[in-house]
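Undergrad: Protein chains in written order, with our numbering: chain A, 1195 to 1394; chain B, 1195 to 1394. Idealized CB from N, CA, C, for every residue including glycine. Here the structure is a predicted model, which means the values were calculated and not measured. Dropping a structure here in C-alpha cells format, bear with me for questions.
There are 2 protein chains.
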Amino acid sequence: MFYPKPITDLIEQFQKLPGIGNKSAERLAFHVVTKMKSDQVQQFSEALINVQKNLHNCPICGHITDMQQCSICSDLSRDEGVLCIVEDSKDVIAMEKMREFRGRYHVLHGTLSPLDGIGPEDLNLKTLITRLQVNEQINEIILATNPTMEGEATAQYIRRLLDGSSIVVSRIAHGLPVGGDLEYVDEVTLLKALEGRRQM
Amino acid sequence: MFYPKPITDLIEQFQKLPGIGNKSAERLAFHVVTKMKSDQVQQFSEALINVQKNLHNCPICGHITDMQQCSICSDLSRDEGVLCIVEDSKDVIAMEKMREFRGRYHVLHGTLSPLDGIGPEDLNLKTLITRLQVNEQINEIILATNPTMEGEATAQYIRRLLDGSSIVVSRIAHGLPVGGDLEYVDEVTLLKALEGRRQM
C-alpha cells in the first residue's frame, strides 16, 4: 500500500530471488526506479529474457549452453578418457574455475532423492549410459556429486551401474577444507578426513 | 569465459545492482536460469520495464507515483496544514511506514551539495514555493532531510527561504536511536542528544 503498484510488483520479483529479503528487494527496486537509466533497465530486462530463450542443455553432457554443443564437449583438446560426473552446471563452473581438470563432464541435473520422489529415471543417466557404450575411450570416471546424503547415494548408484566394466571409478576426497580448523569441523568430516589419510 | 554469453550478460546486470557482488550475481543468474519457469522470467522482465514506463513524479509533491497525482496528495483526509520536506521518495515511504504522520510531503530529490555542483535550482524547490504561495493552508513545515552535512545545509537553506513568513518551521530531532547505547554512539550525536534534552 505504501508503494505504487509497479514498484510493489518489482519488489515482489526481487524477493523471489534466493537470499534477497524484504529490505534488500525494496532497495534494489528503488535503485532500478531512481538510479538506472531507461536503456539500462531495457538491457536488464532483455538479459533476463535472453537466458530463458537462448539457453538449453548440451545434448552430450547436459551442461548449460547457448550453442549446439557446450564449449567443453566441442573442445577437441580436452581429454576424452576422463569423465567427471557432477550434480549441476554450477558444479561444472566450479571445477572449471580451478583450471586444473582437462577431462570432460556429465551433468546429472539433480541427485537421487526417494523422499522427494526423484529416482534414477529423473536424472540425466540415459545419455551417460549411451556415452559409455558409444565412446570406448572413457577409462576413468570421477564421481563429484556433493558430499551430502543424496550426493553420496547417487555416487553409490552410479558406482553399481558400472560394476563389471573396466572403467576406473573414483570419488572426490572428503576431508578438512584448506584453511579449516580441526576444532570447528563436524565429526563426520573429521571421520572422513581420518579414513582418507595418506602416507607422507 | 566459463559461462555461455547470455548468462555472463545477466550476471553483469545483477552486478550493477547495489550490494550485489560477483558471487551473488552468479548465484542469482543461475537461479533465473535453472529454477525459474519461463513465465516467471517473463514477469520479472516485464516488472522491470513497467517501473520505467509507468512511474513519474507527482506534479504536486514530487513523490514517485503511477497515477496522475500520488496517493498522498490525492488523499483528502490528510492534513493540508502540515508539510514534511524530505530528500527522496524512500524517505516518504519510511515516514508512511510509521503510520503516525497524517500531513503531506514535499520531495526535494536530493540535497544541496556545492562540491557536486548541486545548487538550489537542481532541487524540487520551485514547486515548493508555488505550493506555499498558492496553498494558504500550510501552517507548519517539518524539515526531515537526513542528519548529514548536506541534509543540514539544505534544511538551513529552506529555513532561510521561509524567513518572514508566518509558517512554523521545525527540524526533526537528532539524538540517540531507540535501542542504541551511549557507549557506542558518536560524539556529534551525543552532543545533539544533550542539546535536545527535554524536561520530564
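For D1260 of chain B, return the contacting residues in chain A, with the cut-off set at a CB-CB distance below 7 Å.
TA: Residue numbering aside, residue 1260 of chain B sits at position 66 when the second sequence is read from its first letter. Within 7 Å Cβ-Cβ: P1198, K1199 and P1200.
Undergrad: Alpha carbon to alpha carbon, how far is Y1299 of chain A from N1333 of chain A? Give it in angstroms, no decimals.
TA: In the first sequence, counting from the first residue as 1, residue 1333 of chain A sits at position 139. In the first sequence, counting from the first residue as 1, residue 1299 of chain A sits at position 105. Taken atom to atom, the span from the alpha-carbon of N1333 of chain A to that of Y1299 of chain A is near 13 Å.
Undergrad: If you measure between the beta carbons of Q1209 of chain A and Q1236 of chain B, is that distance less than 9 Å?
TA: On the first sequence, residue 1209 of chain A is found 15 positions in, with the first residue counted as 1. On the second sequence, residue 1236 of chain B is found 42 positions in, with the first residue counted as 1. No, they are not a contact pair.
Undergrad: Would you say N1340 of chain B faces chain A, with C-beta separation under 9 Å as the test?
TA: Taking the first residue of the second sequence as 1, we reach residue 1340 of chain B at position 146. Output row for N1340 of chain B: interface = no.
Undergrad: Quick test of your reading: L1302 of chain B and E1281 of chain B, contact by CB under 8 Å. State the CB separation rounded to the nearest angstrom.
TA: One-based indexing of the second sequence puts residue 1302 of chain B at position 108. One-based indexing of the second sequence puts residue 1281 of chain B at position 87. Indeed, because the Cβ distance is near 6 Å, the residues count as touching under 8 Å.
Undergrad: What ranges does the alpha helix (DSSP H) occupy inside the segment 1300-1349 of chain B, keeping only unbroken runs of at least 4 residues that lie completely in it?
TA: List check, alpha helix (DSSP H) in window: 1320-1328.
Undergrad: S1339 of chain B: buried (16+ other C-beta within 10 angstroms of its C-beta) or exposed?
TA: As a working note, residue 1339 of chain B is residue 145 in the second sequence. Before going on, a small fix: residue 1339 of chain B reads as Thr here, not Ser. It is buried - the Cβ of T1339 of chain B has at least 16 other Cβ atoms within 10 Å.
Undergrad: So S1218 of chain A contacts chain C; which residues on that side make the cut at Cβ distance below 8 Å?
TA: Among the chains of the structure shown, chain C does not appear; the protein chains present are A and B.
Undergrad: Identify whether L1277 of chain B lies in helix, strand or coil by the three-state DSSP scheme.
TA: Numbered from its first residue, the second sequence carries residue 1277 of chain B at position 83. The answer is strand: DSSP assigns L1277 of chain B an E or B state.
Undergrad: Can you give the Cα-Cα distance for I1366 of chain A and C1278 of chain A, rounded to whole angstroms?
TA: For the purposes of this step, residue 1366 of chain A is taken as residue 172 along the first sequence, with counting starting at 1. For the purposes of this step, residue 1278 of chain A is taken as residue 84 along the first sequence, with counting starting at 1. Roughly 10 Å separates the two Cα atoms.
Undergrad: Output the distance between the C-alpha atoms of Q1331 of chain A and L1222 of chain B, rounded to the nearest integer angstrom.
TA: Counting from 1 along the first sequence, the entry for residue 1331 of chain A is found at position 137. Counting from 1 along the second sequence, the entry for residue 1222 of chain B is found at position 28. Answer to the nearest angstrom: the Cα atoms are 37 Å apart.
Undergrad: From the DSSP output, in three-state form, read off H1368 of chain A for me.
TA: Looking up residue 1368 of chain A in the first sequence gives position 174. Note: H1368 of chain A maps to coil in three-state DSSP.
Undergrad: In the DSSP assignment, find the alpha helix (DSSP H) that holds I1243 of chain A and state where it starts and stops.
TA: Taking the first residue of the first sequence as position 1, residue 1243 of chain A is located at position 49. Unbroken alpha helix (DSSP H) run through I1243 of chain A: S1232 to N1248.
Undergrad: So the candidates are B:P1212, B:G1215, B:G1213 and B:A1219; which of them puts its Cα closest to the Cα of L1204 of chain B?
TA: As a working note, residue 1204 of chain B is residue 10 in the second sequence. Comparing Cα positions, the closest option is B:A1219.
Undergrad: What do you get for G1345 of chain B, buried or exposed, if any count of 16 or more other CB atoms within 10 angstroms of its CB means buried?
TA: Residue mapping note: residue 1345 of chain B aligns to position 151 of the second sequence, counting from 1. Classification of G1345 of chain B: buried, given that the 10 Å Cβ count is 16 or more.
Undergrad: Please classify D1380 of chain B as buried or exposed, where buried requires at least 16 neighbouring CB atoms within 10 angstroms.
TA: Along the second sequence, one-based indexing puts residue 1380 of chain B at 186. Exposed, because fewer than 16 other Cβ atoms sit within 10 Å of the Cβ of D1380 of chain B.
Undergrad: Please tell me whether A1402 of chain A has its Cβ less than 9 Å away from any Cβ of chain B.
TA: Residue numbering for chain A in the displayed model covers 1195 to 1394; residue 1402 of chain A lies beyond these limits and cannot be assessed.
Undergrad: So, using beta-carbon positions, are V1362 of chain A and I1335 of chain A closer together than 9 Å?
TA: Indexing the first sequence from 1 puts residue 1362 of chain A at position 168. Indexing the first sequence from 1 puts residue 1335 of chain A at position 141. Yes, they are a contact pair.
Undergrad: Can G1297 of chain B and R1272 of chain B be called in contact, C-beta distance under 9 Å?
TA: As a working note, residue 1297 of chain B is residue 103 in the second sequence. As a working note, residue 1272 of chain B is residue 78 in the second sequence. Yes.
Undergrad: Can you pull the DSSP bridge partners for R1272 of chain A?
TA: Indexing the first sequence from 1 puts residue 1272 of chain A at position 78. As DSSP reads the structure, R1272 of chain A sits in no beta bridge.
Undergrad: So F1295 of chain A contacts chain B; which residues on that side make the cut at Cβ distance below 7 Å?
TA: Translated into the one-based positions of the first sequence, residue 1295 of chain A becomes position 101. Neighbourhood of F1295 of chain A in chain B, by CB distance below 7 Å: empty, with the nearest CB roughly 13 Å away.
Undergrad: Check the Cβ-Cβ distances between E1254 of chain A and every residue of chain B, and say whether any is below 9 Å.
TA: Against the first sequence, residue 1254 of chain A aligns to sequence position 60. According to the sequence as given, residue 1254 of chain A is Ile; it is not Glu. No, its Cβ sits nowhere closer than 9 Å to a Cβ of chain B.
Undergrad: Which residues mark the beginning and the end of the alpha helix (DSSP H) in which R1221 of chain B is found?
TA: Here residue 1221 of chain B refers to the residue found at position 27 when the second sequence is read from its first residue. Looking at the DSSP string, the run of the alpha helix (DSSP H) that includes R1221 of chain B is N1216 to T1228.
Undergrad: Between which two residues does the alpha helix (DSSP H) holding S1183 of chain A run?
TA: Residue 1183 of chain A lies beyond the residue range present for chain A, which begins at 1195 and ends at 1394; the question has no answer from this structure.
Undergrad: If you drop the 5 nearest sequence neighbours on each side, which residues of the same chain put their C-beta closer than 7 Å to that of V1227 of chain B?
TA: Counting from one through the second sequence, the residue named residue 1227 of chain B turns up at place 33. These residues qualify, in order along the chain: I1201.
Undergrad: Thinking C-beta only, is S1265 of chain A closer than 9 Å to P1371 of chain B?
TA: Walking along the second sequence from the start, residue 1371 of chain B turns up at place 177. Walking along the first sequence from the start, residue 1265 of chain A turns up at place 71. The answer is no: Cβ separation not under 9 Å.
Undergrad: By alpha-carbon positions, which one of A:P1308, A:N1216 and A:D1316 ends up nearest to A1347 of chain A?
TA: Your numbering for residue 1347 of chain A matches position 153 in the first sequence. Comparing Cα positions, the closest option is A:P1308.
Undergrad: Roughly how many angstroms lie between the CA atoms of K1320 of chain B and N1251 of chain A, to the nearest whole one?
TA: Sequence index remark: in the second sequence, residue 1320 of chain B carries index 126 (1-based). Sequence index remark: in the first sequence, residue 1251 of chain A carries index 57 (1-based). So the two alpha carbons sit approximately 57 Å from each other.
Undergrad: Since V1363 of chain A sits in a beta bridge, which residues does DSSP pair it with?
TA: Mapped onto the first sequence, residue 1363 of chain A falls at position 169. Bridge partners of V1363 of chain A: A:I1335.
Undergrad: Label A1241 of chain A either buried or exposed according to how many other C-beta atoms from any shown protein chain fall within 10 Å of its C-beta, with 16 as the threshold for buried.
TA: Start at 1 with the first residue of the first sequence, and residue 1241 of chain A comes out as number 47. The residue in question, A1241 of chain A, is buried, as its Cβ has 16 or more Cβ neighbours within 10 Å.
Undergrad: Buried or exposed for M1289 of chain A, going by 16 or more other Cβ atoms inside 10 Å?
TA: Counting from one through the first sequence, the residue named residue 1289 of chain A turns up at place 95. Burial call: buried.
Undergrad: Have a look at A:N1244, A:D1260 and A:R1354 and flag the residue whose alpha-carbon is nearest the alpha-carbon of V1196 of chain B.
TA: Against the second sequence, residue 1196 of chain B aligns to sequence position 2. Note on residue identity: the sequence assigns Phe, not Val, to residue 1196 of chain B. The candidate whose alpha carbon is nearest that of F1196 of chain B is A:D1260.
Undergrad: Consult DSSP for I1266 of chain B and reduce its assignment to one of helix, strand or coil.
TA: Counting from one through the second sequence, the residue named residue 1266 of chain B turns up at place 72. Of the three classes helix, strand and coil, the one that applies to I1266 of chain B here is coil, per DSSP.
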